[in-house]
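Chemist: Our numbering numbers the first residue of the sequence shown as 1 and each following residue consecutively.
Built from N, CA and C at the ideal position, the CB exists for glycine as well.
Dumping the structure here so I can ask a few things about it.
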Amino acid sequence: LCRLATWFYPFNSDHWLFYYIGRILGKGGVLYVDAWDHKPPLIFVFNALMHLLFGGSLILHRIFLTILTIFDIYLFYKLLQIFKKNFKQIFTDKITKIGLILYVFWRNLSQFTSNGNNTENFGIIFVLLMFLGFFKYRETKKWNYLFLSGLSLSILFYLKGNFVLLSLPIVVELLIQNYKTIKKLVLNFFIFGFPLALHSAFWVLYFYSKGALNDFWIGAFLFSSKYLKSTWLGDVSPHAIFILILLPLLIPVAIFAVKFLKDYKPALKDENYRFLFSLFVASLILAAGMGAFYPYYFLILLPSFILIILYSYSKFLKAKNKNYYLAIAILLLGMFSSFIISQKQLYNYFTGTTKREITGFQAIGDYIKNNTKKNDKIIVYTYGATLYRLAERNSASRFVSASVLLLDEREGYGFNFSQTFIDEIKKNKPKYCVFPKSEDDLYMQNKKIVNYIKENFTEEKVFDEFVVLKNKVF
1 LCRLATWFYP FNSDHWLFYY IGRILGKGGV LYVDAWDHKP PLIFVFNALM
51 HLLFGGSLIL HRIFLTILTI FDIYLFYKLL QIFKKNFKQI FTDKITKIGL
101 ILYVFWRNLS QFTSNGNNTE NFGIIFVLLM FLGFFKYRET KKWNYLFLSG
151 LSLSILFYLK GNFVLLSLPI VVELLIQNYK TIKKLVLNFF IFGFPLALHS
201 AFWVLYFYSK GALNDFWIGA FLFSSKYLKS TWLGDVSPHA IFILILLPLL
251 IPVAIFAVKF LKDYKPALKD ENYRFLFSLF VASLILAAGM GAFYPYYFLI
301 LLPSFILIIL YSYSKFLKAK NKNYYLAIAI LLLGMFSSFI ISQKQLYNYF
351 TGTTKREITG FQAIGDYIKN NTKKNDKIIV YTYGATLYRL AERNSASRFV
401 SASVLLLDER EGYGFNFSQT FIDEIKKNKP KYCVFPKSED DLYMQNKKIV
451 NYIKENFTEE KVFDEFVVLK NKVF
């Protein structure tokens, strides 16, 4: 029931952007050269695998992504069992069952899951594997478990660089447990960090062999670092609306966190509390460093938030005072509000402006398919890659989404993407360009590209929100 809105998430989402680039990669294309977006490579590798396994079937994609969600729910259950074993007086049977319910509930709401295909949805699996590997190492002292924990860390880094902040509790524990013996300390960190070094060497050598090392650096890391600054300044999206969407989760978490932090004295004595404390600090740092408050960014923090709620819930439960009932009431109200908010995407699928937009996109896609050959290329000058999917035609430029072109030009990042875009249009000669109808459209701000398109394309077909322009060379 909670995941229903995710299953019916509107078609025009980031899903097709990641899938489009993954499909190009799966067919032998070079990432950041033949198709570009500002993410490290693994999200596109996973989408390449989805293409090879399931083709372009959205139903099969969502079944697969749901299976992955069931897997990370199982991993969270295993993590709860570890805390139940180590925190016997806190994580009782009742508490761990409540934790699993809370995780399943919030994990599947559409504002946090989005379309199911993004770095956070894949990343949460490896966050949990990283923790489980470390706890298994702490229990058995077998190095292979620490190596597997480090391997999960390396995958997190190449999904999104700032995810590595969630390794802070492991780093803290390794330091505290081994600081007295330098040799042991170095060995522990070497084993934990070696997979990341090995993984990095692979990508550096791969892109070097393709002559695309600089493209890799810009696409995977440098552009995103500049983008982060823009998002913090509010130049990309308004913060207020997303904060309001997050409040039904963040308010209960904040209330339970206050109770949790009051027990700070055991932090240096009890390794289990210390782990939770470090994890919560890492989560706060990551939340503060996200730049934007897109709710799905916070999916990766759910394990931390749920564990904090459980710890404090147990404390409230033992106290049985008025604060207990108030905290539970706020938690339940937050859950109810979050569920109502999540249904917006279900509504958008069946009606409203989003439904009208996708209907218009479908008409444009059909028109392009009927008036082009399979190998003809096109340009879609708007956000995302939905129209490339609907038209079943490839982009004449590596820059699939107009958003990165606008950001580079407007914010002065200095990558000169707009000129590269124009040069690739000249070289690849797309037959059609799908162009915004309104002069007030956001992407009309990029005058360099807008002026070039207006000079070299002529109007052929007008739709509700877009115009199909034909290249003058045809």
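Kindly indicate which residue of Ile422, Tyr313 and Leu213 has the alpha-carbon position closest to the one of Leu261.
Modeler: Tyr313
Chemist: Does the distance from the C-beta atom of Phe223 to that of Phe216 stay below 7 Å?
Modeler: no
Chemist: Whether or not the region 385-397 and the region 441-450 are in contact is what I'm after, with contact meaning three or more pairs of Cβ atoms, one per stretch, closer than 8 Å; do they touch?
Modeler: Contact fails: fewer than three Cβ-Cβ distances are below 8 Å.
Chemist: Sort Gly22, Lys437, Asn416 and Lys315 by Cα distance to His51 and report the nearest one.
Modeler: Gly22
Chemist: Answer with buried or exposed for Leu175, where buried requires no fewer than 16 other C-beta atoms within 10 angstroms of its C-beta.
Modeler: exposed
Chemist: If you count every other CB in all the chains shown that lies within 10 Å of the CB of Tyr74, and 16 or more means buried, which is it?
Modeler: Its Cβ having fewer than 16 others within 10 Å, Tyr74 is exposed.
Chemist: Note down, in chain order, each residue of its chain lying with its Cβ closer than 8 Å to the Cβ of Leu185, except the 5 sequence neighbours on either side.
Modeler: Leu174, Leu175, Asn178 and Tyr179
Chemist: So, for His15: in the same chain, excluding its five sequence neighbours on each side, which residues have a beta-carbon less than 6 Å away from its beta-carbon?
Modeler: Closer than 6 Å at Cβ, skipping near neighbours: Asn115 and Asn117.
Chemist: So, with DSSP's three-state summary, where would you put Phe399?
Modeler: Of the three classes helix, strand and coil, the one that applies to Phe399 here is strand, per DSSP.
Chemist: Since Glu455 and Leu469 should fall inside the 8 Å C-beta cutoff, what is the C-beta to C-beta distance between them, to a whole number of angstroms?
Modeler: In fact, because the Cβ distance is near 11 Å, the residues do not count as touching under 8 Å.
Chemist: Buried or exposed: where does Ser401 fall if 16 or more other Cβ atoms within 10 Å of its Cβ makes it buried?
Modeler: Label assigned to Ser401: buried.
Chemist: Excluding sequence positions up to five away, which residues of its chain have a Cβ less than 7 Å from the Cβ of Lys136?
Modeler: Within the same chain, Cβ atoms closer than 7 Å to the Cβ of Lys136 are found at Tyr145, the five residues on either side in sequence being excluded.
Chemist: Taking Leu151 as the reference, which of Thr420, Ser278 and Leu198 has the closest Cα?
Modeler: Per the Cα distances, Leu198.
Chemist: If I measure Cβ to Cβ from Tyr103 and keep anything under 8 Å in the same chain, skipping five residues before and after, which residues do I get?
Modeler: Ile73, Phe76, Leu302, Pro303 and Ile306
Chemist: Distance check for Val253 and Ile308, CA to CA, integer angstroms please.
Modeler: Those two C-alpha atoms are separated by around 7 Å.
Chemist: For Lys39, count the other beta carbons within 10 Å of its own beta carbon; 16 or more makes it buried, fewer makes it exposed. Which is it?
Modeler: buried
Chemist: Measure the C-alpha to C-alpha separation of Met290 and Glu465 and round it to an integer number of angstroms.
Modeler: Taking the straight line joining both Cα atoms gives about 32 Å.
Chemist: Quick one: is Lys377 buried, meaning 16 or more other Cβ sit within 10 Å of its Cβ, or exposed?
Modeler: Under this definition Lys377 is a buried residue.
Chemist: Is it a yes or a no for the region 119-137 touching the region 155-165, going by three-plus beta-carbon pairs under 8 Å?
Modeler: yes
Chemist: Could you check the C-alpha separation between Val281 and Ile330 for me, to the nearest Å?
Modeler: 23 Å
Chemist: Please confirm whether Phe399 and Phe421 have their CB atoms less than 7 Å apart.
Modeler: yes
Chemist: Could you name the residues of the same chain whose beta carbon sits closer than 6 Å to that of Ser559, not counting the 5 residues immediately before and after it, in chain order?
Modeler: Residue 559 falls outside the range modelled here, since the chain spans only 1 to 474, and no answer is possible.
Chemist: In angstroms, rounded to a whole number, what distance separates the CA positions of Ile285 and Lys374?
Modeler: 48 Å
Chemist: What's the gap between the Cα of Ser337 and the Cα of Leu249?
Modeler: 9 Å
Chemist: Pull the bridge partners of Thr119 from the DSSP assignment, please.
Modeler: In DSSP, Thr119 forms no bridge with anything.
Chemist: Bridge partners for Phe466 per DSSP, in chain order?
Modeler: Pro436
Chemist: Closest to Asp423 by C-alpha separation, out of Asn371, Ser57 and Ile453, would be which residue?
Modeler: Ile453
Chemist: Taking Lys369 as part of the alpha helix (DSSP H), name the residues at either end of that continuous run.
Modeler: DSSP places Lys369 inside the alpha helix (DSSP H), whose first and last residues are Gly352 to Asn370.
Chemist: For Ala201, is the classification buried or exposed, using 16 other Cβ atoms within 10 angstroms of its Cβ as the cut-off for buried?
Modeler: exposed
Chemist: My assumption, with CB atoms under 8 Å, is that Asn12 sits in contact with Thr69. Please give the rounded CB distance.
Modeler: Going by Cβ atoms, the distance from Asn12 to Thr69 rounds to 22 Å, so no, they are not a contact pair.
Chemist: Reducing DSSP to helix, strand and coil, say where Glu459 ends up.
Modeler: strand
Chemist: Smallest Cα separation from Cys2: which of Val172, Ile341 and Gln419?
Modeler: Ile341
Chemist: Roughly how far, in whole angstroms, is the beta-carbon of Ile379 from the beta-carbon of Ser397, given that I think they are within contact range, below 8 Å?
Modeler: 7 Å
Chemist: According to DSSP, what are the bridge partners of Lys377?
Modeler: Asn394
Chemist: To the nearest angstrom, report how far apart Ala5 and Leu406 are at their CA atoms.
Modeler: 31 Å
Chemist: DSSP puts Ala481 in a beta bridge; with which residues?
Modeler: Examination of residue 481 is not possible in this model, given that the chain is present from 1 through 474 alone.
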